[in-house]
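Asker: I'd like to ask some things about the structure below.
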Amino acid sequence: MAIVQFPKGFVWGAATAAFQVEGAYREDGRGLSIWDTFCRTPGKVWEGDNGDVACDMYHRYKDDVKLMKDLGITSYRFSVAWPRIIPDGSGEINPKGIEFYRNLVDELLAHGIEPMLTLYHWDLPQALQDRGGWANRETIDHFLKYAETVFKALDGKVKLWATFNEPWCISFLSNYIGAHAPGLRDLQTAIDVAHNVLVAHGKTVRLFRELGIKGEIGIAPNTEWMEPFSDREEDVEAAWRRRGWLNEWFLRPVMTGQYPEKLVQWFEKLGGKPKIEPGDMELIGSKIDFLGINYYTGGIGRYNPEEGDIFGFQEVPMGWEKTDIGWNIYPQGLYNVLTYIKREFGDIPIYITENGACYNDEPGADGRVRDQRRIEYLKKHVLQVARAIESGVNVKGYYTWSLMDNFEWAYGYSMRFGILYVDYETQQRIKKDSFRWYRKLARNNYIEV
Ligand code: GBH
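In my numbering, each residue's number is its place in the sequence shown (first place is 1) plus 462.
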């Protein structure tokens with residue numbers, strides 16, 4: 463048996479996002495978001511599931527904060543629903559929406575839990591999508607007004623701010639692959655969305671500084687780690703492009719103010735090109751205080767121009783274990799992502815803003831949820847974080863995804879990521895075995911392996 467210790471003050475947290483847990487979709491003046499629409503579009507979401515009720519956290523947040531306290535986490539990552547704050551995206555501010563998040567934040571602080579607030583976790587007001595959504599540059603200004611409203615409402619209470627969750631999903635997954643709202647399939651649209659989201663990020667960081675908001679601001683991109691099948695140049699390049707698409711297209715401009723040149727050229731061959739206006743790249747590269755890293759999976763692949771993706775990359779099934787959602791389990795990929803960030807971009811403080819696993823274990827006859835596989839997944843990934851720290855990567859904290867089972871986007875309620883089990887009939891929360899395991903980790907700040 464060995465003990466792997468984490469640094470003093472390391473943050474152990476858990477994460478959720480507004481649309482996935484809140485419900486109360488028409489209450490207190492909330493406007494509709496692109497996800498409300500998407501859920502009602504036949505064939506888009508598993509069994510037509512929607513976020514109308516979700517985990518009903520809008521009404522149950524006080525009990526849920528008690529569960530967080532019991533879990534022993536020192537920070538909770540959540541997102542604010544733009545359609546609660548400005549229901550049509552650009553018009554009147556809704557005081558009831560602000561009140562909800564004030565109450566939530568006060569409740570967290572009263573229990574000694576530091577909030578980490580994400581401004582945008584995918585629930586764009588539908589009224590803005592009707593005018594082109596993120597592909598329309600005007601959305602940037604509307605976002606800034608929304609951000610300013612939230613900054614001012616919670617300044618001094620919230621110390622950790624993230625602008626965007628997973629810009630790759632907002633752009634490519636939603637507008638090129640079409641699997642997420644608004645469900646479009648156009649490369650140029652996706653590149654425009656990516657660019658406008660990045661500009662909005664940069665402008666929000668500037669605004670944060672100008673307003674003198676207390677605390678730290680960053681962004682939470684999703685990362686994956688792709689390895690080449692062989693050392694052959696073409697495999698190495700294909701894996702780099704695929705990884706570059708997921709990671710570097712966002713990380714490099716945010717960290718250095720430049721798009722990765724190799725990918726710009728590749729996109730041009732495919733007929734896509736970012737529409738960069740003067741000053742954009744400087745804005746995008748505005749200095750941030752921390753990077754949030756979401757990591758779940760990765761893989762191995764090779765160059766195959768016929769059957770590969772738009773980058774000529776084709777994944778090779780390596781027979782690795784997968785979680786119940788079908789994603790490879792690749793813990794060392796997290797170490798690779800973290801050390802790559804340090805190598806390429808230097809010593810920025812990092813929070814793992816999401817890491818977790820989908821396992822659909824149900825309660826046994828005794829009511830207990832034995833999710834040993836989730837414990838193994840978490841343990842393996844947390845160990846890779848420890849390795850990265852010992853290698854000099856400045857990781858400040860780790861938030862597991864998710865505090866509770868919730869609306870898993872296109873998979874609806876069919877996929878469970880929580881360390882709390884949610885019974886969607888009764889809204890009862892049941893502590894899974896992983897909840898108890900995570901509590902011990904948060905309390906000890908070390909792991910026994
Ligand atoms: C996050 O996205 C989201 O931030 C969160 O809201 C969500 O609930 C959570 O993760 C769980 O999904 O099909 O093998 O090629 C995760 C981003 C992008 C990670 C797609 C996995 C596909 C893997 N995901 N990626 S694979």
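For each residue, glycine too, the CB sits at the ideal point set by N, CA and C.
Where does P793 sit, in a helix, a strand or coil, going by DSSP?
Answerer: Counted from its first residue, the sequence shown places residue 793 at position 331. In the structure shown, P793 sits in a helix (DSSP, three-state: H, G or I).
Asker: Which residue marks the beginning of the alpha helix (DSSP H) containing W728, and which one marks its end?
Answerer: Position 266 of the sequence shown, counting from 1, holds the residue named residue 728. Unbroken alpha helix (DSSP H) run through W728: 723-731.
Asker: Taking 7 Å as the limit between beta carbons, can you name the residues of its chain near F897, skipping five residues before and five after?
Answerer: Indexing the sequence shown from 1 puts residue 897 at position 435. Closer than 7 Å at the Cβ level, and outside the excluded window around F897, lie L533, I881, L882.
Asker: What three-state label does DSSP hand V716 in the structure shown?
Answerer: In the sequence shown, residue 716 corresponds to position 254, counting from 1. Looking at V716 - three-state DSSP - the assignment turns out to be helix.
Asker: I'd like to know whether the C-beta atoms of I496 and Q591 end up nearer to each other than 8 Å.
Answerer: In the sequence shown, the residue the question calls residue 496 occupies position 34. In the sequence shown, the residue the question calls residue 591 occupies position 129. Yes. Within cutoff.
Asker: Just confirm the distance between the C-beta atoms of A656 and N756, as a whole number of angstroms; I'd bet it's less than 8 Å.
Answerer: Residue mapping note: residue 656 aligns to position 194 of the sequence shown, counting from 1. Residue mapping note: residue 756 aligns to position 294 of the sequence shown, counting from 1. So it is not a contact: roughly 16 Å between Cβ atoms.
Asker: Out of Y721, Y638, W863, which one is the CA nearest neighbour of A597?
Answerer: One-based indexing of the sequence shown puts residue 597 at position 135. Closest option to A597, Cα to Cα, is Y638.
Asker: Please classify S864: is it buried, with 16 or more other beta-carbons within 10 angstroms of its beta-carbon, or exposed?
Answerer: If you number the sequence shown from 1, residue 864 lands on position 402. Answer is buried; the Cβ neighbour count reaches 16.
Asker: Please state whether DSSP places D617 in a helix, a strand or coil.
Answerer: As a working note, residue 617 is residue 155 in the sequence shown. If DSSP states are grouped into helix, strand and coil, D617 belongs with the strands.
Asker: When burial is assigned at 16 or more other CB atoms within 10 Å of the CB, is P690 buried or exposed?
Answerer: By 1-based counting over the sequence shown, the position of residue 690 is 228. Flag for P690 reads buried.
Asker: Taking all protein chains shown into account, do 16 or more other C-beta atoms lie within 10 angstroms of the C-beta of V473, making it buried, or fewer, making it exposed?
Answerer: Reading the sequence shown from its first residue, position 11 is the one you call residue 473. When all chains shown are included, V473 counts as buried.
Asker: Please determine whether the Cβ atom of E824 lies at a distance below 7 Å from any heavy atom of the ligand SAM.
Answerer: With respect to the ligand SAM, the structure offers nothing, as its ligand set consists of the ligand GBH.
Asker: Do you know whose CA, among M688, E699, F605, M866, lies nearest F670's CA?
Answerer: Within the sequence shown, the letter at position 208 stands for residue 670. When each option's Cα is compared against that of F670, the closest is F605.
Asker: Are the C-beta atoms of P793 and some chain B residue less than 8 Å apart?
Answerer: Looking at the structure shown, chain B is missing, and only one protein chain is on hand.
Asker: Quick one: what's got a C-beta closer than 7 Å to D410's C-beta in the same chain, skipping five residues either side?
Answerer: Lying outside 463 to 911, the shown extent of the chain, residue 410 is not represented and no answer is given.
Asker: Considering only residues of the same chain and omitting the five flanking positions on each side of D833, which have a CB-CB separation below 6 Å?
Answerer: The count along the sequence shown starts at 1 and reaches residue 833 at position 371. Closer than 6 Å at the Cβ level, and outside the excluded window around D833, lie Y821, D823, K894, D895, S896.
Asker: Is T759 near the ligand GBH, with its Cβ less than 7 Å from a heavy atom?
Answerer: Position 297 of the sequence shown holds residue 759. The answer is yes for T759.
Asker: Who are the Cβ neighbours of I575 in its own chain at under 6 Å, not counting the five residues just before and after it?
Answerer: To locate residue 575, count along the sequence shown from 1; it is residue 113. Excluding sequence neighbours, I575 sits near M530, Y538.
Asker: In whole angstroms, what separates the C-alpha of G754 from that of L579?
Answerer: As a working mapping, residue 754 is identified with position 292 in the sequence shown. As a working mapping, residue 579 is identified with position 117 in the sequence shown. So the two alpha carbons sit approximately 12 Å from each other.
Asker: So, with DSSP's three-state summary, where would you put L579?
Answerer: Within the sequence shown, numbered from 1, the residue matching residue 579 stands at position 117. Reduced to three states, the DSSP call for L579 is strand.
Asker: Output the distance between the C-alpha atoms of T685 and R830, rounded to the nearest integer angstrom.
Answerer: In the sequence shown, counting from the first residue as 1, residue 685 sits at position 223. In the sequence shown, counting from the first residue as 1, residue 830 sits at position 368. Distance between the alpha carbons of T685 and R830 is about 33 Å.
Asker: In this structure, how does DSSP classify Q834 when only helix, strand and coil are distinguished?
Answerer: Residue mapping note: residue 834 aligns to position 372 of the sequence shown, counting from 1. The answer is helix: DSSP assigns Q834 an H, G or I state.
Asker: Rounded to whole angstroms, what is the Cα-Cα separation between K735 and Q727?
Answerer: The sequence position of residue 735 within the sequence shown is 273, counting from 1. The sequence position of residue 727 within the sequence shown is 265, counting from 1. In a straight line, the C-alpha of K735 is about 9 Å away from that of Q727.
Asker: Can you list, in chain order, the stretches of the alpha helix (DSSP H) that have 4 or more residues and sit fully within the stretch 514-575?
Answerer: 519-533, 544-547, 557-572, all fully within the stretch 514-575.
Asker: According to DSSP, simplified to helix, strand and coil, what is N798?
Answerer: The residue you call residue 798 lines up with position 336 of the sequence shown. In this structure, N798 counts as helix in the three-state DSSP scheme.
Asker: Quick check on S853: buried or exposed, where buried means 16 or more other Cβ atoms within 10 Å of its Cβ?
Answerer: Position 391 of the sequence shown, counted from the first residue, corresponds to residue 853. By the 10 Å Cβ count, S853 comes out exposed.
Asker: Could you work out which residue in Y875, D514, Q794 is closest to L845 when comparing CA atoms only?
Answerer: Indexing the sequence shown from 1 puts residue 845 at position 383. It is Q794.
Asker: For N798, verify whether its CB is less than 7 Å away from any heavy atom of the ligand GBH.
Answerer: Position 336 of the sequence shown, counted from the first residue, corresponds to residue 798. No, the beta carbon of N798 sits no closer than 7 Å to any heavy atom of the ligand GBH.
Asker: Would you identify the three-state DSSP class for K784, choosing helix, strand or coil?
Answerer: Residue numbering aside, residue 784 sits at position 322 when the sequence shown is read from its first letter. Three-state result, K784: strand.
Asker: How many Å lie between D518 and K731 at the Cα?
Answerer: For this step, residue 518 is matched to residue 56 along the sequence shown. For this step, residue 731 is matched to residue 269 along the sequence shown. Those two C-alpha atoms are separated by around 47 Å.
Asker: On the three-state DSSP scale, how would you describe I772?
Answerer: On the sequence shown, position 310 is the one that residue 772 refers to. Of the three classes helix, strand and coil, the one that applies to I772 here is coil, per DSSP.
Asker: Taking only three categories from DSSP, how would you classify G491?
Answerer: Along the sequence shown, one-based indexing puts residue 491 at 29. In this structure, G491 counts as helix in the three-state DSSP scheme.
Asker: Quick one, are the C-beta atoms of P715 and F752 less than 8 Å apart?
Answerer: Working through the sequence shown from its first residue, we reach residue 715 at position 253. Working through the sequence shown from its first residue, we reach residue 752 at position 290. Against a cut-off of 8 Å, the Cβ pair of F752 and P715 comes out as no contact.
Asker: Hey, how far is the Cα of E744 from the Cα of K558?
Answerer: Position 282 of the sequence shown, counting from 1, holds the residue named residue 744. Position 96 of the sequence shown, counting from 1, holds the residue named residue 558. In a straight line, the C-alpha of E744 is about 36 Å away from that of K558.
Asker: Does the Cβ-Cβ distance between G706 and I746 come in under 8 Å?
Answerer: For the purposes of this step, residue 706 is identified with residue 244 of the sequence shown, where counting begins at 1. For the purposes of this step, residue 746 is identified with residue 284 of the sequence shown, where counting begins at 1. No, the pair does not count as a contact, with Cβ atoms beyond the cut-off.
Asker: Leaving aside the five residues before and after R849 along the sequence, list all residues of the same chain whose C-beta is less than 7 Å from its C-beta, in chain order.
Answerer: For the purposes of this step, residue 849 is taken as residue 387 along the sequence shown, with counting starting at 1. Here the set comprises Y797.
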